[in-house]
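First residue of the sequence shown? That's 253 in the working numbering, and the numbers climb one at a time after it. In this text, a Cβ means the ideal position worked out from N, Cα and C, and glycines have one as well. Computed from a predicted structure; not experimentally measured.
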Amino acid sequence: MDKIDMHVHTTASDGTMRPEHVVSLAAMQGLKAIAITDHDTMDGIEEAGKAGELMGVTIIPGIELSADYQGKEVHVLGYFLDENAPIIKEYQQWAQEKRQERNEKIVERLRKKGFEITMEQLREADPDSVIGRPHIARKLMELGAVSSVSEAFRRYLAEGRSCYVPRERIGFVDAARLIKKAGGVAVLAHPLQYGYNKSQLEALVKTAAQAGFSGMEIYYTGYTQADQKKLFDLAEKYTLLPTGGSDFHGEAVRPDTFLTPIPLNLNWLGTFQNAQPHRNRLYQSQIPQFR
(Lines of atoms letter the chains of each structure in order from A and count residues from 1; the text may use other names and numbers.)
(Lines give C-alpha, C1' and ligand atoms only; values in the text may rest on other atoms or scores of the structure.)
Protein backbone atom coordinates (compact mmCIF):
# COMPACT_ATOMS: atom_id res chain seq x y z
CA MET A 1 0.00 0.00 0.00
CA ASP A 2 1.21 3.50 -0.80
CA LYS A 3 1.94 5.23 2.49
CA ILE A 4 0.77 8.77 3.27
CA ASP A 5 0.72 11.12 6.28
CA MET A 6 -1.76 14.00 6.19
CA HIS A 7 -0.62 16.03 9.22
CA VAL A 8 3.00 17.24 9.33
CA HIS A 9 4.69 20.35 10.74
CA THR A 10 7.99 22.06 9.88
CA THR A 11 10.08 25.01 11.02
CA ALA A 12 7.68 27.24 9.09
CA SER A 13 5.63 27.05 12.31
CA ASP A 14 6.53 25.11 15.46
CA GLY A 15 8.24 22.04 14.01
CA THR A 16 11.95 21.41 14.49
CA MET A 17 12.88 20.25 10.96
CA ARG A 18 13.07 22.34 7.80
CA PRO A 19 10.53 21.40 5.13
CA GLU A 20 13.14 19.78 2.88
CA HIS A 21 14.43 17.68 5.78
CA VAL A 22 10.92 16.51 6.65
CA VAL A 23 10.45 15.45 3.02
CA SER A 24 13.78 13.61 3.09
CA LEU A 25 12.71 11.77 6.24
CA ALA A 26 9.39 10.88 4.63
CA ALA A 27 11.18 9.48 1.57
CA MET A 28 13.51 7.41 3.75
CA GLN A 29 10.49 5.97 5.55
CA GLY A 30 8.80 5.05 2.29
CA LEU A 31 5.97 7.56 2.37
CA LYS A 32 4.58 8.47 -1.04
CA ALA A 33 2.75 11.63 0.03
CA ILE A 34 2.67 14.00 3.01
CA ALA A 35 0.61 17.08 3.78
CA ILE A 36 2.52 20.06 5.14
CA THR A 37 0.08 21.57 7.64
CA ASP A 38 1.93 24.25 9.56
CA HIS A 39 0.07 26.39 12.07
CA ASP A 40 -1.51 29.47 10.45
CA THR A 41 1.02 29.61 7.61
CA MET A 42 1.82 28.02 4.26
CA ASP A 43 5.35 29.40 4.04
CA GLY A 44 6.91 25.93 4.04
CA ILE A 45 5.03 24.62 1.01
CA GLU A 46 7.37 25.89 -1.73
CA GLU A 47 10.51 24.39 -0.15
CA ALA A 48 8.74 21.12 0.58
CA GLY A 49 7.37 20.97 -2.96
CA LYS A 50 10.80 21.34 -4.54
CA ALA A 51 12.21 18.66 -2.26
CA GLY A 52 9.28 16.40 -3.02
CA GLU A 53 9.92 16.62 -6.77
CA LEU A 54 13.52 15.53 -6.25
CA MET A 55 12.71 12.73 -3.82
CA GLY A 56 9.52 11.33 -5.31
CA VAL A 57 7.22 12.42 -2.49
CA THR A 58 3.91 14.12 -3.33
CA ILE A 59 3.43 17.26 -1.25
CA ILE A 60 -0.13 18.22 -0.38
CA PRO A 61 -0.36 21.96 0.35
CA GLY A 62 -2.07 22.41 3.68
CA ILE A 63 -2.48 24.55 6.77
CA GLU A 64 -3.71 24.10 10.35
CA LEU A 65 -5.83 27.00 11.55
CA SER A 66 -6.30 27.75 15.23
CA ALA A 67 -10.02 28.50 15.44
CA ASP A 68 -12.44 29.54 18.15
CA TYR A 69 -15.35 27.19 18.84
CA GLN A 70 -17.57 28.32 21.70
CA GLY A 71 -14.64 29.95 23.45
CA LYS A 72 -12.31 26.96 23.04
CA GLU A 73 -9.37 26.55 20.67
CA VAL A 74 -10.14 23.93 18.03
CA HIS A 75 -7.90 23.17 15.06
CA VAL A 76 -9.05 23.11 11.46
CA LEU A 77 -6.95 21.51 8.74
CA GLY A 78 -7.11 22.78 5.18
CA TYR A 79 -5.85 20.80 2.19
CA PHE A 80 -5.18 21.58 -1.50
CA LEU A 81 -5.23 25.34 -0.93
CA ASP A 82 -3.51 27.87 -3.15
CA GLU A 83 -0.74 29.20 -0.92
CA ASN A 84 -0.58 32.37 -3.03
CA ALA A 85 -4.29 33.17 -2.71
CA PRO A 86 -4.76 36.75 -1.42
CA ILE A 87 -7.00 35.51 1.43
CA ILE A 88 -4.19 33.22 2.64
CA LYS A 89 -1.61 36.01 2.54
CA GLU A 90 -3.96 38.34 4.40
CA TYR A 91 -4.78 35.73 7.03
CA GLN A 92 -1.12 34.82 7.57
CA GLN A 93 -0.25 38.46 8.19
CA TRP A 94 -3.12 38.85 10.64
CA ALA A 95 -2.27 35.61 12.47
CA GLN A 96 1.39 36.54 12.68
CA GLU A 97 0.55 39.89 14.23
CA LYS A 98 -1.74 38.26 16.83
CA ARG A 99 0.88 35.60 17.61
CA GLN A 100 3.55 38.27 18.01
CA GLU A 101 1.37 40.20 20.45
CA ARG A 102 0.81 37.03 22.45
CA ASN A 103 4.50 36.08 22.47
CA GLU A 104 5.49 39.47 23.83
CA LYS A 105 2.99 39.16 26.68
CA ILE A 106 4.18 35.64 27.54
CA VAL A 107 7.82 36.74 27.55
CA GLU A 108 6.97 39.69 29.77
CA ARG A 109 5.27 37.38 32.28
CA LEU A 110 8.29 35.06 32.27
CA ARG A 111 10.66 37.98 32.78
CA LYS A 112 8.64 39.06 35.81
CA LYS A 113 9.29 35.59 37.20
CA GLY A 114 13.03 36.18 36.82
CA PHE A 115 13.74 34.31 33.59
CA GLU A 116 16.32 35.97 31.34
CA ILE A 117 14.44 35.66 28.06
CA THR A 118 13.78 38.18 25.28
CA MET A 119 12.03 38.17 21.92
CA GLU A 120 15.35 39.00 20.27
CA GLN A 121 16.86 35.78 21.65
CA LEU A 122 13.95 33.74 20.34
CA ARG A 123 14.20 35.25 16.85
CA GLU A 124 17.95 34.74 16.71
CA ALA A 125 17.59 31.09 17.70
CA ASP A 126 14.93 30.38 15.03
CA PRO A 127 15.20 33.08 12.34
CA ASP A 128 13.21 31.08 9.78
CA SER A 129 10.37 30.07 12.09
CA VAL A 130 7.11 31.61 13.19
CA ILE A 131 7.82 31.98 16.91
CA GLY A 132 5.32 30.32 19.22
CA ARG A 133 5.07 28.69 22.63
CA PRO A 134 7.23 25.65 21.69
CA HIS A 135 10.13 28.01 20.92
CA ILE A 136 9.65 29.69 24.30
CA ALA A 137 9.55 26.27 25.93
CA ARG A 138 12.83 25.29 24.29
CA LYS A 139 14.40 28.52 25.55
CA LEU A 140 13.29 27.65 29.08
CA MET A 141 15.02 24.28 28.63
CA GLU A 142 18.17 26.06 27.50
CA LEU A 143 18.05 28.22 30.62
CA GLY A 144 17.76 25.10 32.77
CA ALA A 145 14.35 26.11 34.10
CA VAL A 146 12.70 22.92 32.85
CA SER A 147 13.88 19.56 31.58
CA SER A 148 11.49 19.21 28.63
CA VAL A 149 9.05 21.07 26.41
CA SER A 150 6.17 19.26 28.06
CA GLU A 151 7.34 20.39 31.49
CA ALA A 152 7.51 24.00 30.28
CA PHE A 153 3.91 23.79 29.14
CA ARG A 154 2.80 21.98 32.26
CA ARG A 155 4.41 24.53 34.61
CA TYR A 156 4.15 27.82 32.71
CA LEU A 157 2.69 27.89 29.19
CA ALA A 158 -0.43 25.72 29.08
CA GLU A 159 -3.90 27.14 29.53
CA GLY A 160 -4.50 27.90 33.19
CA ARG A 161 -0.81 28.29 34.00
CA SER A 162 0.74 31.54 35.23
CA CYS A 163 2.35 32.60 31.95
CA TYR A 164 -0.41 31.48 29.60
CA VAL A 165 -1.87 34.22 27.39
CA PRO A 166 -4.87 33.59 25.13
CA ARG A 167 -4.78 35.01 21.63
CA GLU A 168 -7.41 36.15 19.20
CA ARG A 169 -8.48 33.39 16.81
CA ILE A 170 -10.55 33.06 13.66
CA GLY A 171 -14.04 31.66 14.23
CA PHE A 172 -14.63 27.96 13.58
CA VAL A 173 -17.07 28.49 10.71
CA ASP A 174 -14.95 31.33 9.31
CA ALA A 175 -12.00 28.93 9.17
CA ALA A 176 -13.96 26.70 6.79
CA ARG A 177 -14.97 29.72 4.72
CA LEU A 178 -11.35 30.84 4.42
CA ILE A 179 -10.16 27.41 3.33
CA LYS A 180 -12.93 27.13 0.74
CA LYS A 181 -12.18 30.62 -0.58
CA ALA A 182 -8.54 29.58 -1.07
CA GLY A 183 -9.66 26.57 -3.10
CA GLY A 184 -9.24 23.94 -0.38
CA VAL A 185 -11.22 21.45 1.66
CA ALA A 186 -11.64 21.73 5.44
CA VAL A 187 -11.08 18.92 7.95
CA LEU A 188 -11.72 18.79 11.69
CA ALA A 189 -8.38 18.04 13.37
CA HIS A 190 -7.91 15.46 16.19
CA PRO A 191 -11.48 15.65 17.57
CA LEU A 192 -10.68 13.77 20.78
CA GLN A 193 -8.04 16.26 21.90
CA TYR A 194 -10.50 18.86 23.16
CA GLY A 195 -11.81 17.06 26.23
CA TYR A 196 -15.44 16.95 25.09
CA ASN A 197 -17.95 14.43 26.37
CA LYS A 198 -20.02 12.35 23.94
CA SER A 199 -22.76 14.93 23.31
CA GLN A 200 -20.32 17.83 23.06
CA LEU A 201 -18.18 15.90 20.59
CA GLU A 202 -21.17 15.13 18.40
CA ALA A 203 -22.25 18.78 18.50
CA LEU A 204 -18.79 19.79 17.28
CA VAL A 205 -18.86 17.26 14.44
CA LYS A 206 -22.39 18.30 13.45
CA THR A 207 -21.36 21.97 13.37
CA ALA A 208 -18.37 21.07 11.19
CA ALA A 209 -20.58 19.21 8.73
CA GLN A 210 -23.07 22.08 8.57
CA ALA A 211 -20.24 24.57 8.04
CA GLY A 212 -19.00 22.76 4.93
CA PHE A 213 -16.19 20.60 6.28
CA SER A 214 -15.31 17.68 4.01
CA GLY A 215 -13.61 15.39 6.51
CA MET A 216 -12.51 14.59 10.04
CA GLU A 217 -9.27 13.14 11.44
CA ILE A 218 -9.95 9.60 12.58
CA TYR A 219 -6.45 8.14 12.39
CA TYR A 220 -4.18 10.07 14.76
CA THR A 221 -1.20 9.39 16.98
CA GLY A 222 -2.36 7.66 20.15
CA TYR A 223 -5.91 6.95 19.01
CA THR A 224 -7.01 3.39 19.77
CA GLN A 225 -9.18 1.22 17.56
CA ALA A 226 -12.08 2.05 19.87
CA ASP A 227 -11.40 5.77 19.39
CA GLN A 228 -11.26 5.31 15.64
CA LYS A 229 -14.52 3.36 15.62
CA LYS A 230 -16.29 6.08 17.62
CA LEU A 231 -15.05 8.78 15.24
CA PHE A 232 -15.77 6.72 12.14
CA ASP A 233 -19.39 6.28 13.23
CA LEU A 234 -19.74 10.05 13.69
CA ALA A 235 -18.09 10.74 10.33
CA GLU A 236 -20.47 8.33 8.64
CA LYS A 237 -23.48 9.86 10.38
CA TYR A 238 -22.58 13.37 9.23
CA THR A 239 -21.18 12.43 5.80
CA LEU A 240 -17.58 13.40 6.52
CA LEU A 241 -14.65 11.60 4.93
CA PRO A 242 -12.14 9.90 7.24
CA THR A 243 -8.64 11.40 7.23
CA GLY A 244 -5.65 11.18 9.52
CA GLY A 245 -2.02 11.89 10.22
CA SER A 246 0.73 11.84 12.78
CA ASP A 247 0.86 15.53 13.78
CA PHE A 248 4.63 15.22 13.45
CA HIS A 249 6.63 18.17 14.85
CA GLY A 250 10.06 16.66 15.40
CA GLU A 251 11.63 14.97 18.38
CA ALA A 252 12.36 18.13 20.40
CA VAL A 253 8.67 19.11 20.45
CA ARG A 254 6.92 15.73 20.50
CA PRO A 255 9.42 12.94 21.15
CA ASP A 256 6.68 10.28 21.04
CA THR A 257 5.29 11.32 17.64
CA PHE A 258 6.81 10.13 14.37
CA LEU A 259 5.90 10.32 10.70
CA THR A 260 3.26 7.62 10.58
CA PRO A 261 1.53 6.10 7.55
CA ILE A 262 -2.23 5.96 8.00
CA PRO A 263 -4.50 3.23 6.58
CA LEU A 264 -5.39 5.40 3.60
CA ASN A 265 -3.56 5.40 0.27
CA LEU A 266 -3.05 7.42 -2.91
CA ASN A 267 -6.33 6.15 -4.39
CA TRP A 268 -8.16 7.54 -1.36
CA LEU A 269 -6.21 10.77 -1.74
CA GLY A 270 -7.58 11.31 -5.23
CA THR A 271 -11.13 10.81 -3.98
CA PHE A 272 -10.55 13.16 -1.07
CA GLN A 273 -9.06 15.90 -3.26
CA ASN A 274 -12.24 16.00 -5.29
CA ALA A 275 -14.49 15.96 -2.21
CA GLN A 276 -17.30 18.46 -2.18
CA PRO A 277 -18.34 20.13 1.07
CA HIS A 278 -21.32 18.71 2.91
CA ARG A 279 -24.50 19.33 0.93
CA ASN A 280 -26.15 21.04 3.92
CA ARG A 281 -23.27 23.45 4.39
CA LEU A 282 -24.03 26.87 5.84
CA TYR A 283 -22.63 30.31 5.12
CA GLN A 284 -20.43 29.17 2.23
CA SER A 285 -20.85 32.40 0.27
CA GLN A 286 -19.98 34.70 3.16
CA ILE A 287 -16.58 36.32 3.55
CA PRO A 288 -14.47 34.92 6.43
CA GLN A 289 -14.00 37.39 9.23
CA PHE A 290 -10.68 37.56 11.04
CA ARG A 291 -9.70 41.21 10.86
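6 Å CB neighbourhood of R270 in its chain, flanking five on each side removed:
Within the sequence shown, numbered from 1, the residue matching residue 270 stands at position 18. Hits under 6 Å: T263.
Less than 8 Å between the beta carbons of A389 and F367, yes or no?
Counting from one through the sequence shown, the residue named residue 389 turns up at place 137. Counting from one through the sequence shown, the residue named residue 367 turns up at place 115. Not a contact, by the Cβ cut-off of 8 Å.
D356 - partner residues in DSSP beta bridges:
Looking up residue 356 in the sequence shown gives position 104. The amino acid occupying residue 356 in the given sequence is Glu; Asp does not appear at that position. None, per the DSSP bridge assignment.
Enumerate in chain order the residues of its own chain whose CB-to-CB distance from A337 is below 8 Å, with the five nearest sequence positions on each side excluded.
Taking the sequence shown and counting its residues from 1, one reaches residue 337 at position 85. Correct list, in chain order: K433, A434 and G435.
In the DSSP assignment, find the unbroken alpha helix (DSSP H) run with I297 in it and report its ends.
Indexing the sequence shown from 1 puts residue 297 at position 45. Where I297 is concerned, the enclosing alpha helix (DSSP H) stretches over I297 to M307.
Rounded distance between the beta-carbons of I422 and A319, thought under 8 Å:
Stepping through the sequence shown from its first residue, residue 319 is reached at position 67. Stepping through the sequence shown from its first residue, residue 422 is reached at position 170. With a Cβ gap of about 5 Å, A319 and I422 count as contacting.
Smallest Cα separation from L453: which of Q480, E353, L486 and I256?
For the purposes of this step, residue 453 is identified with residue 201 of the sequence shown, where counting begins at 1. The candidate whose alpha carbon is nearest that of L453 is L486.
Enumerate in chain order the residues of its own chain whose CB-to-CB distance from R407 is below 7 Å, with the five nearest sequence positions on each side excluded.
In the sequence shown, the residue the question calls residue 407 occupies position 155. Excluding positions up to five away in sequence, the list reads V398 and R413.
If you scan the stretch 315-399 from start to end, which runs of the alpha helix (DSSP H) of 4 or more residues do you find wholly inside it?
338-364, 371-377 and 385-394
D485: first and last residue of the uninterrupted alpha helix (DSSP H) it sits in
The residue given as residue 485 occupies position 233 in the sequence shown. Looking at the DSSP string, the run of the alpha helix (DSSP H) that includes D485 is Q477 to K489.
With 16 other Cβ atoms within 10 Å as the buried cut-off, status of E469
Counting from one through the sequence shown, the residue named residue 469 turns up at place 217. Flag for E469 reads buried.
Pairing CB atoms from the stretch 367-383 with CB atoms from the stretch 320-336, are three or more of them under 8 Å?
no
When you compare each of H291, I297, Q373 and E272 to L306 by their alpha carbons, which one comes out closest?
Mapped onto the sequence shown, residue 306 falls at position 54. Of the residues H291, I297, Q373 and E272, the one whose Cα lies closest to the Cα of L306 is E272.
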